[in-house]
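Protein chains in written order, with my numbering: chain A, 1 to 339; chain B, 340 to 718.
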Amino acid sequence: MSSPGRERIVFMAEISYRDAIREALVEEMDRDENVLLLGEDIGIYEGTFRITQGMLKKYGAKRVIDTPIAEAGMAGTAAGMAMLGLKPVVEMMTFNFAFVAADQILNHIAKIRYFSGGQVDMPVVIRGPQGAGMQLSAQHSQSFESFYGHFPGLIVAAPSNASDAKGMLKSAIRGKDPVIFLENAALYGLKSEVPDDVNHLVPFGKSVVVREGSDVTIVSYSRMLHLSLAAAATLSADEGIEAEVIDLRTLRPLDMDPVFESVRKTHRAVVVQEQWKPFGAAAEIAASITETVFDELDAPVVRVTGEDVPMPYARNLELLAVPHEEQVIEAVKRVLYRN
Amino acid sequence: MRTGLARASVKLSRNARVMKEHGSGMDLELGTVMAKQKERTAVLENAEVCAPEWNDILEKMVLIRKFEEASEREFRKGNIGGYLHVYSGQEGIVAGILTALGSEDIVFAGYRDHAHALVLGSDPKALMAELFGKRTGLSKGKGGSMHLFDVAHGLYGGYGIVGGHLTLATGAAYALRYRNTDRVAVCYFGDGAMNIGPFHEALNMAGLWGKQGMCPALFVIENNGYAMGTSVERHSALTDLSARMRAYNIPAEKVDGQDVFALRGVADRVVRQIRETGHPYCIEAITYRFSGHGAADILQPYRTKEEVEEHKHRDPILILKKRMKEVCGLTDDDISRMEKEAAAVVAGAVKFATESEEPAPEELFRDVVSGSGEDRFHG
């Protein structure tokens, strides 16, 4: 998979998505003493997903704060810290728990800069895993990009690989705005090359073409990008169909220009998301394509999404509920009128 | 000036009526609290009562009242939109506590926030212009009455979601200590804010962080007896509100919110203590709001006209004036001059707000995120 800026960087290291996130935190904490971490069991327990392993020992309890189980408290206190010049990074053990903090995030963090007339910055990073696939059933398997993406004032990132995870998290911490940083637990172990550079910064609002192709455009992000790439490989091998695959990387701001450019070339588009279909990110992207490059389309834009049900526990049912490669292949064939 | 007992009796008569109507309990502790407070106030009585700053405090309170009366008038004329929540009757709580702060200390408030801005030193013109939605307003006309911000004067916001800002103040207090300052964060909230989830999360974290000296916060309960139209007796299982602070390891005391001397005495002591220890403290100020909850609360079915009139005898401004006349030789002429000056300031603020321009259309997209409006969502 291509990484932006790869040409510029000489040294690369192959690390996991998890370690990339951890390295970003460590490097930014070393760089700026105003950076601090809040979360449930991130200190002594070292984090449910071990992102904060060794951090308490290294930085002390003043900078690595084990909070009570209190998501509204975590998010709201982080906002207060940010208003006073600190750079808090909040770990949501999973984003499913952040509903408890919805008012703090959506009604406070996202809006305070605006209703103060720009008198304060709000550099709060809220990060943690989301997504399905680990048999965690209904309350622990959701995706939230369209939920947060709906609200002005937030930046919503959903990296698909280690390089972007590290570079975007560093951008988030160095910035002045609230960032909802949506990781995917299923990607934590995924290794890829990351520039060995403390100033490796990936900007928000820059979608990238990760696979070139001329027959169809597949738009995705986070874990579903890998599904899309697998489908593209299969389509190429089995059908001779060359799909162009685009990684959005951030949902807000949403950089649609590379998508439009691709559609002008392929005239067909499929959007893949893990979350439910109604009012999802794919709907926004599909609508945006039809609004802007309608005349270029040779077929309606097709969405591949999770099924419209609360996530079941049983493994077989869970697998039926999430998108899989065959559905992407089928969608591509549909826009190409090949089925 | 009335005795502590007389003060208590007014409060108890309200409670007695509410008890009759709703069959709930009354705050039996209040009489004792007021009696104790009288002892403390007595110390202040002759020592500091005539200090020149009390003139300033009275002036501020008179200014707040005039400002609020004007804002209600301007709301009725249609010059102020949205919601309007005025502080009339509660002035003592900001005048008595915020004047005890240093210039570096910071304040968070609910949506009934005009008085906080005025006492902290915000320009009444910019404040009124904000209510009018003008570009010269404190927040360029983008926040309005409920979201007053004046960071230069230490005001970190008025907030419109009941109880939503307590976490912010707790985190801000942590930040003040994290950066090795001795600054203090003050957080005002009403009795109605104490029954919502984030109240619990914020106060528990404040108490926890206080144990490490990392939460120099003063929590002020503006207990005006009503959460909008629902009385304390009807909204809180335990009517002794500050007693709940014990659950969070935060020391607390009740103060007569209509007695600015008492408030200032307590504030001087506890602000010093918070500054020294980094541990939070809570003042429950027992007060009364003379106007409706908001400008639309005209009928006020939850209380009687008699109840309101009864409490107007305990107007904090009247109490302060009387005290200063008796003890400091303040004259009616002094008071009259003070009122005229305040009226002139408010009239000037209304004129300024009226004549100011509306925000430019480009302002719509500014301040959504940092940088220019170009960063906005596109697709």
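Glycine residues also receive a C-beta, built at the ideal position from the N, C-alpha and C atoms.
Contacts of residue i in chain A (Cβ-Cβ under 8 angstroms)
i         : result
His-455/B : Residues of chain A passing the Cβ test: none, with the nearest at roughly 14 angstroms.
Leu-515/B : Leu-84
Ile-500/B : Asp-103, Asn-107 and His-108
Gly-549/B : Ordered by position in chain A, no residue passes the 8 angstroms Cβ test against Gly-549/B, which lies about 13 angstroms from the chain.
Residue i: contacting residues in chain B (beta-carbon distance under 8 angstroms)
i         : result
Gln-104/A : Gly-503, Thr-506 and Pro-537
Asp-177/A : Val-708 and Ser-709
Residue i - containing beta strand (DSSP E), residue span
i         : result
Pro-537/B : Element bounds for Pro-537/B: not the beta strand (DSSP E) but the alpha helix (DSSP H), 536-550.
Ser-192/A : 191-195
Ser-220/A : 216-220
Glu-592/B : 591-595
Asp-66/A  : 64-66
Lys-87/A  : 87-91
Val-525/B : 524-529
Asp-257/A : Unbroken run through Asp-257/A is the alpha helix (DSSP H), 257-266; no beta strand (DSSP E).
Ile-42/A  : Per DSSP, Ile-42/A belongs to no beta strand (DSSP E) and is neither H nor E.
Thr-250/A : 250-252
Asn-184/A : 179-184
Leu-494/B : 494-497
Gly-149/A : It is not in any beta strand (DSSP E) - Gly-149/A instead sits in the alpha helix (DSSP H) that spans 145-149.
Arg-380/A : Not covered by the structure: residue 380/A. The range shown for chain A is 1 to 339.
Under 9 angstroms by beta carbon: chain A residues contacting residue i
i         : result
Asn-543/B : Pro-68, Ala-70 and Gly-73
Ile-589/B : What Ile-589/B touches in chain A: nothing, since even the nearest Cβ is about 15 angstroms away.
Gly-531/B : Within chain A, no residue comes near Gly-531/B; the closest Cβ sits about 16 angstroms away, beyond 9 angstroms.
Ser-336/B : Beyond the ends of chain B as shown, which are 340 and 718, falls residue 336/B; an answer cannot be given.
Buried versus exposed call for residue i [16 or more other C-beta atoms within 10 Å across all chains shown]
i         : result
Gly-510/B : buried
Val-609/B : buried
Leu-320/A : exposed
Pro-698/B : buried
Leu-577/B : exposed
Val-322/A : buried
Ala-586/B : exposed
Leu-367/B : Interpretation of Leu-367/B is limited by its pLDDT of 39, a score under 50 that renders its predicted location unreliable; the figure taken from the coordinates is listed afterwards. So Leu-367/B ends up on the exposed side.
Phe-488/B : buried
Met-134/A : exposed
Met-567/B : exposed
Tyr-426/B : buried
Ile-637/B : exposed
Gly-175/A : buried
Glu-713/B : Reliability of the predicted coordinates at Glu-713/B is poor, the pLDDT of 44 falling under 50, and no value is obtained from them.
Enclosing alpha helix (DSSP H) for residue i [first to last residue]
i         : result
Ser-163/A : 162-174
Gly-604/B : 599-616
Val-26/A  : 17-31
Asp-673/B : 671-694
Ala-625/B : Strictly speaking, residue 625/B in this sequence is Ile, with Ala absent from that position. No alpha helix (DSSP H) contains Ile-625/B, which is instead part of the beta strand (DSSP E) from 620-625.
Leu-154/A : Unbroken run through Leu-154/A: none, as it is neither H nor E.
Gln-327/A : 325-335
Glu-244/A : No alpha helix (DSSP H) holds Glu-244/A; the beta strand (DSSP E) holding it covers 243-247.
Val-332/B : Nothing about residue 332/B can be reported from this structure: the residues present for chain B run from 340 to 718 only.
Listed by chain order, chain B residues near residue i by CB distance under 7 angstroms
i         : result
Tyr-114/A : Lys-481, Asp-706 and Val-707
Asn-96/A  : Simply none; closest approach about 17 angstroms.
Pro-278/A : None at all; the shortest Cβ gap to chain B is about 18 angstroms.
Lys-62/A  : Tyr-517
Chain-ordered chain A contacts of residue i [CB-CB under 7 angstroms]
i         : result
Gly-510/B : Gly-76, Thr-77, Ala-78, Ala-79, Gly-80 and Met-81
Phe-488/B : Ser-116, Gly-117 and Gln-119
Ser-442/B : Chain A residues near Ser-442/B: none, gap ~16 angstroms exceeds 7 angstroms.
Glu-540/B : Ala-70, Ala-72 and Gly-73
Ser-427/B : In chain order: nothing, as chain A lies at least about 24 angstroms away.
Interface residues of chain D facing residue i [CB-CB closer than 7 angstroms]
i         : result
His-324/A : Within the model displayed, chain D is absent; protein chains A and B are what it includes.
What are the complete beta strand (DSSP E) segments, minimum 3 residues, inside the segment 379-452 of chain B?
445-448
I want to know whether the segment 134-148 of chain A touches the segment 191-204 of chain A - three or more CB-CB distances under 8 angstroms.
no
Would you list, in sequence order, the uninterrupted alpha helix (DSSP H) runs of no fewer than 4 residues that lie entirely inside the segment 80-129 of chain A?
112-115
When the Cβ atoms of the segment 33-45 of chain A are set against those of the segment 66-81 of chain A, are three or more pairs found closer than 8 angstroms?
The segment 33-45 of chain A is in contact with the segment 66-81 of chain A.
Segment contact flag, the segment 223-237 of chain A with the segment 252-262 of chain A, C-beta cutoff 8 angstroms, min 3 pairs:
no
Are three or more beta carbon pairs between the segment 490-510 of chain B and the segment 109-120 of chain A nearer than 8 angstroms?
In short, these stretches touch, since the Cβ pair count reaches three.
I'd like to know if the segment 448-460 of chain B and the segment 649-667 of chain B are in contact, where contact means that at least 3 CB-CB pairs between them fall below 8 angstroms.
no
How do the segment 74-88 of chain A and the segment 41-56 of chain A stand: do at least 3 beta-carbon pairs fall below 8 angstroms, yes or no?
no
Looking at C-beta atoms only, is the number of pairs between the segment 505-521 of chain B and the segment 481-490 of chain B that lie closer than 8 angstroms three or more?
no
Segment contact, 8 angstroms Cβ cut-off, at least three pairs: the segment 287-302 of chain A with the segment 240-248 of chain A:
Because the criterion of three Cβ pairs below 8 angstroms is not met, the segment 287-302 of chain A and the segment 240-248 of chain A do not touch.
Between the segment 689-708 of chain B and the segment 159-170 of chain A, can you find at least three pairs of beta-carbon atoms closer than 8 angstroms?
no
Touch test, the segment 56-67 of chain A against the segment 105-117 of chain A, Cβ-Cβ under 8 angstroms, three pairs minimum
no
Can at least three beta-carbon pairs, one atom from the segment 542-562 of chain B and one from the segment 610-620 of chain B, be found at a separation below 8 angstroms?
yes
Are at least three pairs of beta-carbons, each pair with one atom in the segment 264-278 of chain A and one in the segment 297-317 of chain A, less than 8 angstroms apart?
yes
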